[in-house]
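Report on the following structure.
In the numbering used here, the protein residues as written are 3 to 174.
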């Protein structure tokens with residue numbers, strides 16, 4: 003059995019960054035000012051926190067306090083990860099493409115380091131990693147669902163306006 007070292011080369015890093023970028027682009031940034039974007043991200047994060055509280059209450063009611071505590075760790079990790087994604091997006095808005103690519107790499111490494119550190123701490127403390135990872139994954143599923151609902155509603159509103167005989171720019 004040979005052990006192959008895990009190597010993050012330029013190609014694999016690019017694939018990962020493009021995947022994260024596509025996920026974030028589910029949320030339509032086109033045509034938004036920075037202030038509108040900040041308000042939209044704040045609204046999305048409020049929805050994420052509400053969803054996290056609902057999930058936490060459900061886990062507490064069905065599985066008890068120990069599982070809810072570990073699940074909470076996963077939820078907090080997911081919210082921190084989501085915040086890092088949006089922070090890098092907002093910070094990269096006024097940057098050149100080269101600076102944005104560098105920022106995305108830094109944020110990717112930061113997110114990866116956060117994940118490794120958290121998993122190491124949970125394993126070192128001999129806690130249940132399953133609940134933590136389940137909280138993290140479920141929160142990201144809710145994140146994708148929130149993104150798709152956010153953009154879906156705007157596209158439906160545009161279609162309704164166009165059906166009434168108006169153009170997309172608002173003129174008759």
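Yeah, the Cβ is synthetic: ideal placement off N, Cα and C, and Gly gets one too.
These figures come from a predicted structure and were not determined experimentally.
Alpha-carbon to alpha-carbon, residue j and residue i
| i | j | result |
| --- | --- | --- |
| residue 84 | residue 95 | 17 Å |
| residue 129 | residue 119 | 14 Å |
| residue 4 | residue 146 | Since pLDDT at residue 4 reaches only 45, below the 50 mark, its modelled position is unreliable, and no value is offered. |
| residue 69 | residue 149 | 28 Å |
| residue 42 | residue 116 | 26 Å |
| residue 126 | residue 37 | 43 Å |
| residue 134 | residue 97 | 35 Å |
| residue 61 | residue 71 | 9 Å |
| residue 141 | residue 100 | 31 Å |
| residue 56 | residue 79 | 16 Å |
| residue 110 | residue 103 | 10 Å |
| residue 108 | residue 81 | 18 Å |
| residue 73 | residue 46 | 21 Å |
| residue 113 | residue 44 | 20 Å |
| residue 105 | residue 86 | 11 Å |
| residue 66 | residue 91 | 37 Å |
| residue 9 | residue 63 | At residue 9 the pLDDT is 49, less than 50, meaning the model places this residue with poor confidence and gives no usable figure here. |
| residue 131 | residue 139 | 12 Å |
| residue 48 | residue 59 | 17 Å |
| residue 121 | residue 93 | 28 Å |
Burial state of residue i (16 or more Cβ within 10 Å)
| i | result |
| --- | --- |
| residue 35 | exposed |
| residue 137 | buried |
| residue 50 | buried |
| residue 144 | buried |
Limits of the unbroken alpha helix (DSSP H) element including residue i
| i | result |
| --- | --- |
| residue 84 | 67 to 94 |
Residue i versus the options, residue with shortest Cα-Cα distance
| i | options | result |
| --- | --- | --- |
| residue 39 | 124, 88 and 103 | 88 |
| residue 77 | 53, 44, 92 and 67 | 53 |
| residue 75 | 124, 143 and 151 | 124 |
Q) Which parts of the stretch 99 to 137 are runs of the alpha helix (DSSP H), unbroken and 4 residues or longer, counting only runs that do not cross its ends? A) 99 to 126
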